[in-house]
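Chemist:
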Amino acid sequence: MMPQGPYSDIVMDHFMNPRNMGEIENADAVGEVGNPACGDVMKLYLKIEDGKIVDAKFKTFGCGAAIASSSITTEMIKGKTIDEALKISNEAVAEALGGLPPAKQHCSVLAEEALKVAIEDYNKKKGSG
Amino acid sequence: MKRVYFDHASATPVDRTVLKSMKPYFIENFGNPSSILIEEGAIPHRAVEEAREEIAFLVSASKDEIIFTSSATESNNLAVKGLALANRDRGRRILFSDIEHYSIINQADFLRGIGFEIDFVKVDINGMLDMEDLKRKLTKDTILVSVMHANLEIGTIEPIKEIAYFLKEHNILFHSDGAGTCGTIPVNVKDLNVDTMTISPHQFYGPKGIAALYIKKGVRLTPIVQGGYQEMGYRAGTENVPAIVGFGKAARIAMEEMDKRVEKLTLLSKRLWEGLASSIDYIHFTGHPEKRLPGHVSFWIEFVEGESLLLWLNLNSIASSSGSACSSNVLARDETGLKASHVLTAIGVPPEICHGSIAFSLGKDNTMEEVEHALSVMPGIVKRLRDMSPLYERFKKTGVRDYKL
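As they're listed, the protein sequences go chains F and V. When we follow our numbering, the leftmost residue of the first sequence carries the number 1, and every step to the right adds one. When we follow our numbering, the leftmost residue of the second sequence carries the number 130, and every step to the right adds one.
1) For the alpha helix (DSSP H) containing residue 530 of chain V, list its first residue and its last residue.
2) When DSSP labels each residue in this structure, what does residue 190 of chain V get in the three-state scheme?
3) Is residue 362 of chain V near residue 352 of chain V, with beta carbons less than 9 Å apart?
4) Is there a C-beta anywhere in chain F that falls below 9 Å from the one on residue 418 of chain V?
5) What does residue 59 of chain F pair with, by DSSP beta-bridge criteria?
6) Quick check: is the beta carbon of residue 39 of chain F nearer than 9 Å to any beta carbon in chain V?
7) Alpha carbon to alpha carbon, how far is residue 389 of chain V from residue 248 of chain V? Give it in angstroms, no decimals.
8) So what does DSSP say about residue 18 of chain F, is it helix, strand or coil?
9) Please confirm if residue 517 of chain V has its CB atom under 9 Å from at least one CB of chain C.
10) Taking only beta carbons into account, state which residues of the segment 48–80 of chain F come closer than 7 Å to chain V, listed in chain order.
11) Is there a Cβ from chain V that is less than 9 Å from the Cβ of residue 112 of chain F?
12) Whose Cβ in chain F lies nearer than 8 Å to the Cβ of residue 331 of chain V?
13) Excluding the 5 residues preceding and the 5 following residue 429 of chain V in the sequence, name in chain order all residues of the same chain whose CB lies nearer than 6 Å to its CB.
14) Can you list, in chain order, the residues of its chain with a C-beta nearer than 7 Å to that of residue 169 of chain V? Leave out the 5 residues immediately preceding and following it.
15) Kindly identify the DSSP beta-bridge partner or partners of residue 429 of chain V.
16) Any C-beta of chain V sitting closer than 9 Å to the C-beta of residue 32 of chain F?
17) Closer than 7 Å by beta-carbon distance: list the chain V residues that pair up with residue 43 of chain F, in chain order.
18) Indicate whether at least one CB of chain F lies closer than 9 Å to the CB of residue 229 of chain V.
19) Compute the Euclidean distance between the alpha carbons of residue 377 of chain V and residue 344 of chain V, then round it to the nearest angstrom.
20) List, in order along the chain, the chain F residues whose C-beta lies closer than 8 Å to that of residue 469 of chain V?
21) Have a look at V:419, V:432 and V:418 and flag the residue whose alpha-carbon is nearest the alpha-carbon of residue 410 of chain V.
22) Going by CA-CA distance only, name the one from F:14, F:9 and F:8 that's closest to residue 517 of chain V.
23) Residue 323 of chain V to residue 287 of chain V, Cα distance in whole Å?
24) Taking all protein chains shown into account, decide if residue 294 of chain V is buried (16 or more other Cβ within 10 angstroms of its Cβ) or exposed.
The following block contains the structure:
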């Protein structure tokens, strides 16, 4: 692979071949977050059955690290229960990517936040429904 | 496809003839140019003076008005701090244009700390200095104004002559950063009527780690590096002889080839500009449509983030640069550097969408085939990134943007 400056091969792989990119129609949960400092916007769609995340998709407007963080997060949460998914920290996302440059750590934070916002959305819908 | 280099505003390759001219000054003619009484020093001394002459010739200055420094950044610091310190008895107010390079803008805090008042002058949507704003912000206490000759992010060439003549009427010193123009387009410092001008060779096929400052005869300037008495007392430190020799050679070649280079770059960038405009929707070109650097095409694309675009271009063998905050400080220690480009925000691009900006700066060795390659890959990359963008998804569904244009 061509050298990509500060990014690991895993980041570049997810950037070039993002997993689970797209939307889920009638998603059970949607979480959208943005980082005004950088301008990245991340949207996460979840399909949840019996408290388990059975499908996850994302759309991201952002840099290489933001796209890779979204992509790997969808992989990490698929098949997990909500409680298990909530335990995934931004450090775990960054670690799974083989590390992120210090200035790009916020991209993994954004992924963690998108997940939390999506689960909040799910709990809200469940509570009201 | 071999690598296509469209980032000449960042650095150009050193011309082979330039490199050849530098080589003897590493090992054979290695002496210290200050040791002029011995042959080992006299030879490099002569070489430095010959280079000084070439650079003076490039910008129509006198030889004793050219001072060597280590970089355009140092030249900009020497000019602004040096003029400010030498003239503080006349006033304390200094004006910078809103789109100056960081090597000017980031002097503001230091200067404020030692008692100067710094203010910024607006530019219009094309990046041209707003003369009315300059007039409004001038006071009797103003001693210095700094406006770059051309902005390397958006390509706009500023009306330096007009600004200089206006400032002369008010007896105000004028510095211009000519890093983007000297050696690229004709520059005549006497005609422009500037007091100081930065000249940097790594934009015209010379080496890095060397630059010069034109200091008009009679202008008072305090040195900022203390030490020996090199460079007529304006800049202490042993001269970087090989780089100076290369700088001189690059200046000579630039003079000889300038017309040919400009003609070719104009042709290539015209095709690039028109090709992008016709193949990509929601693309916005930045900078002045005519008064711009030859070979410079800059734009931002809605619903696409600049660093991702830059990475995909790189994967398609094209090197470019992005005003995206995310690409500008990838190696920063933290997120403090992740701000939208001050140049793009100054020309009115909403901060939320500055991140889609790209600059293609072409050079003398680029070809039409390379331009066509860029035009062939761009629409696919843009589509790919838009398909992934929640902003574009929303726009397609509602016709509403997340920001105001």
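Every residue, glycine too, gets a C-beta built ideally from N, C-alpha and C.
Modeler: Working from what's here:
1) No alpha helix (DSSP H) holds residue 530 of chain V; DSSP gives it neither H nor E.
2) coil
3) Less than 9 Å separates the beta-carbon of residue 362 of chain V from that of residue 352 of chain V.
4) Not a single CB atom of chain F sits nearer than 9 Å to the CB of residue 418 of chain V.
5) For residue 59 of chain F, which the question treats as bridged, DSSP gives the partners F:43.
6) yes
7) 40 Å
8) coil
9) Absent from the structure is chain C; the protein chains it does hold are F and V.
10) Taken in chain order, the members of the segment 48–80 of chain F whose beta-carbon sits within less than 7 Å of a beta-carbon on chain V are 59, 60, 61, 62, 63, 64 and 67.
11) no
12) Residues of chain F passing the Cβ test: none, with the nearest at roughly 20 Å.
13) 413, 485 and 486
14) Cβ within range, chain order: 160.
15) For residue 429 of chain V, which the question treats as bridged, DSSP gives the partners V:413 and V:486.
16) yes
17) By Cβ distance, chain V contributes 519.
18) no
19) 17 Å
20) 39
21) The residue with the shortest Cα to Cα distance from residue 410 of chain V is V:432.
22) Residue F:14 is the option with its Cα nearest to residue 517 of chain V.
23) 13 Å
24) exposed
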